[in-house]
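Undergrad:
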Amino acid sequence: MKRISSRAIIFKEDKVLLMFRKKRQKDGTIKEYFVVPGGGWEGDETLEQNAIRELKEEMNIDIEITNFVGLEISDFGCANYFVAKIVKGEPHLGGEEREKNNEDNYYEPMFVDLSQLDKLDIVGKEYIKKAYDKQFQILNNAILTDQGICPTCYDKKFGNVLFGDNSKNIIFKDDDVEVFMCANPRAKGHVIISTIKHFKDMMEIDDETCKKVFVLAKNVMNAIKKVFESESVYLCTMCDGPNNHFHLQLIPRYNFEKRGSINFVKERQPYLYEQEKIEQLKKILSE
Ligand SMILES: [Zn+2]
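In the numbering used here, the protein residues as written are 178 to 464.
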């Protein structure tokens with residue numbers, strides 16, 4: 178019978194907990210690699226209990242299983258991958274791994290930055306990626322906000338996992354700001370100016386950034402008016418809450434629309450990608 182094992186993938190911020198291994202090979206060289214912590218099933222336990230017991234023995238931590246990721250069947254056996262979280266303890270080596278630890282057969286628990294995954298030799302890497310994707314599928318704005326995390330900053334940091342890739346809607350970008358077409362606009366030509374750095378609202382911005390944002394807003398408004406042939410462009414900002422990410426809304430008003438604050442709450446429309454207009458805006462703003 179193939180060896181059955183259970184393994185726990187544990188994320189902490191943008192890191193994953195792994196066991197770093199060094200093992201002397203038959204040819205005398207030392208191989209360095211990582212494994213997802215876990216170990217063999219002992220028969221009188223569930224697979225979840227298997228993972229919980231192994232993590233306690235190997236790394237001295239109490240964990241709680243939160244999700245099943247998948248079963249890997251290979252020549253080495255059947256490995257069950259779970260996602261888990263630490264409920265008690267800081268990982269440090271224990272159990273038989275600690276007893277047999279030496280330079281030729283070395284074990285060390287380690288949090289590894291997720292950005293390093295592709296560069297490292299990791300047994301079970303595909304399952305870490307699967308688990309990572311699974312986590313983000315269930316994440317949304319509201320969950321992040323409840324946890325005190327700004328969704329906009331989170332989205333940027335993790336490669337647009339929440340809001341998707343907006344790079345083709347961007348009309349201007351530098352180290353301080355990002356200007357892009359609103360994905361669910363209140364009018365054609367609705368543009369958003371957002372700071373790269375996190376500020377929860379305008380009252381928090383330093384003067385220099387504030388000046389820059391408003392001069393830029395003036396230029397973008399003129400560009401929108403010209404390219405979209407609107408009669409005017411309205412500006413508003415109403416970030417309100419600890420996890421809001423400062424942004425300005427620039428909303429055109431057209432000649433067939435009434436003047437006034439009604440324009441701030443016009444019904445949202447589906448986004449129309451208009452490459453030609455985007456290129457025109459980009460050109461004006463790059464001058
Ligand atoms: Zn933010």
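We put the beta carbon where it would ideally sit given N, CA and C, even for glycine.
#1: Which ranges does the alpha helix (DSSP H) cover as unbroken runs of at least 4 residues, wholly within the stretch 197–244, from first to last along the chain?
#2: Taking C-beta to C-beta, are Ala465 and Tyr431 nearer than 9 Å?
#3: Is there a Cβ from chain C that is less than 9 Å from the Cβ of Asp383?
#4: According to the neighbour-count rule (16 or more other Cβ atoms, all chains shown, within 10 Å of its Cβ), is Asn257 buried or exposed?
#5: For Ala419, is the classification buried or exposed, using 16 other Cβ atoms within 10 angstroms of its Cβ as the cut-off for buried?
#6: Going by the beta-carbon positions, is the gap between Arg198 and Asp281 smaller than 9 Å?
#7: Nearest CA to the CA of Leu339: which residue from Met287, Ile347, Thr322 and Ile348?
#8: Closer than 8 Å by C-beta to Lys334: which residues in its own chain qualify, once you throw out the five before and the five after it? Chain order, please.
#9: Kindly indicate which residue of Leu462, Thr372 and Asn279 has the alpha-carbon position closest to the one of Val390.
#10: For Gln457, report the span of its alpha helix (DSSP H) as first-last.
#11: Once you ignore the five residues that flank Ser409 on each side, which residues in its own chain have a CB closer than 6 Å to its CB?
#12: According to the neighbour-count rule (16 or more other Cβ atoms, all chains shown, within 10 Å of its Cβ), is Phe357 buried or exposed?
#13: Measure the CB-CB distance between Leu194 and Met236 and report whether it falls below 9 Å.
#14: Mind reading off the beta-carbon distance from Leu412 to Leu393? Whole number of angstroms is fine, and I expect it under 8 Å.
#15: So, does the stretch 304–311 touch the stretch 216–232, judging by three or more C-beta pairs under 8 Å?
#16: Count the other C-beta atoms from every protein chain shown that fall within 10 angstroms of the C-beta of Phe211, then say buried if there are 16 or more, exposed otherwise.
#17: When we look at the beta-carbon of Ala319 and count the other beta-carbons within 10 Å, is it buried (16 or more) or exposed?
#18: Using 10 angstroms around the beta-carbon of Gly215, count the other beta-carbons present and answer buried if the total reaches 16, otherwise exposed.
#19: Counting only the same chain and skipping the five closest in sequence on each side, list residues whose C-beta sits under 8 Å from that of Glu444.
#20: Any chance the CB of Asn420 is under 8 Å from a heavy atom of ligand 1?
TA: According to the data block:
#1: Correct list: 224–236.
#2: Nothing about residue 465 can be read from this structure; the chain reaches only from 178 to 464.
#3: Chain labels in this structure do not include chain C; a single protein chain is all it has.
#4: Within the sequence shown, numbered from 1, the residue matching residue 257 stands at position 80. So Asn257 counts as buried.
#5: Locating residue 419 in the sequence shown gives position 242, where the first residue counts as 1. For the sequence presented, residue 419 should be read as Pro rather than Ala. Here Pro419 is exposed. Its C-beta has fewer than 16 other C-beta atoms within 10 Å.
#6: For the purposes of this step, residue 198 is identified with residue 21 of the sequence shown, where counting begins at 1. For the purposes of this step, residue 281 is identified with residue 104 of the sequence shown, where counting begins at 1. No, the pair does not count as a contact, with Cβ atoms beyond the cut-off.
#7: Your numbering for residue 339 matches position 162 in the sequence shown. Nearest neighbour of Leu339 by Cα position, chosen from Met287, Ile347, Thr322 and Ile348, turns out to be Thr322.
#8: Within the sequence shown, the letter at position 157 stands for residue 334. Setting aside the 5 residues that flank it on each side, Lys334 is surrounded in the same chain by Asp191, each with a C-beta closer than 8 Å to its C-beta; the list follows chain order.
#9: Here the question's residue 390 lines up with position 213 in the sequence shown. When only C-alpha atoms are compared, the closest one is Thr372.
#10: For the purposes of this step, residue 457 is taken as residue 280 along the sequence shown, with counting starting at 1. Looking at the DSSP string, the run of the alpha helix (DSSP H) that includes Gln457 is Gln452 to Ser463.
#11: Counted from its first residue, the sequence shown places residue 409 at position 232. Only Arg430 meet the Cβ criterion.
#12: The residue labelled residue 357 in the question sits at position 180 within the sequence shown. Phe357 should be labelled buried.
#13: As a working mapping, residue 194 is identified with position 17 in the sequence shown. As a working mapping, residue 236 is identified with position 59 in the sequence shown. A Cβ-Cβ contact shorter than 9 Å links Leu194 with Met236.
#14: On the sequence shown, residue 412 is found 235 positions in, with the first residue counted as 1. On the sequence shown, residue 393 is found 216 positions in, with the first residue counted as 1. Between Leu393 and Leu412 the Cβ distance is about 11 Å, and since that is not below 8 Å, they are no contact.
#15: Output reads no: the stretch 216–232 does not touch the stretch 304–311.
#16: Along the sequence shown, read from residue 1 onward, the residue named residue 211 stands at position 34. Here Phe211 is buried: its Cβ has 16 or more other Cβ atoms, across all protein chains shown, within 10 Å.
#17: Residue 319 sits at position 142 when you count from the first residue of the sequence shown. Exposed: under 16 other Cβ atoms inside 10 Å.
#18: To locate residue 215, count along the sequence shown from 1; it is residue 38. By the neighbour-count rule (16 or more Cβ atoms within 10 Å), Gly215 is buried.
#19: Position 267 of the sequence shown, counted from the first residue, corresponds to residue 444. Cβ neighbours of Glu444 beyond the five flanking positions: Arg363.
#20: As a first step, residue 420 is located in the sequence shown; it is residue number 243 there, counting from the start. At least one heavy atom of ligand 1 is nearer than 8 Å to the Cβ of Asn420, so yes.
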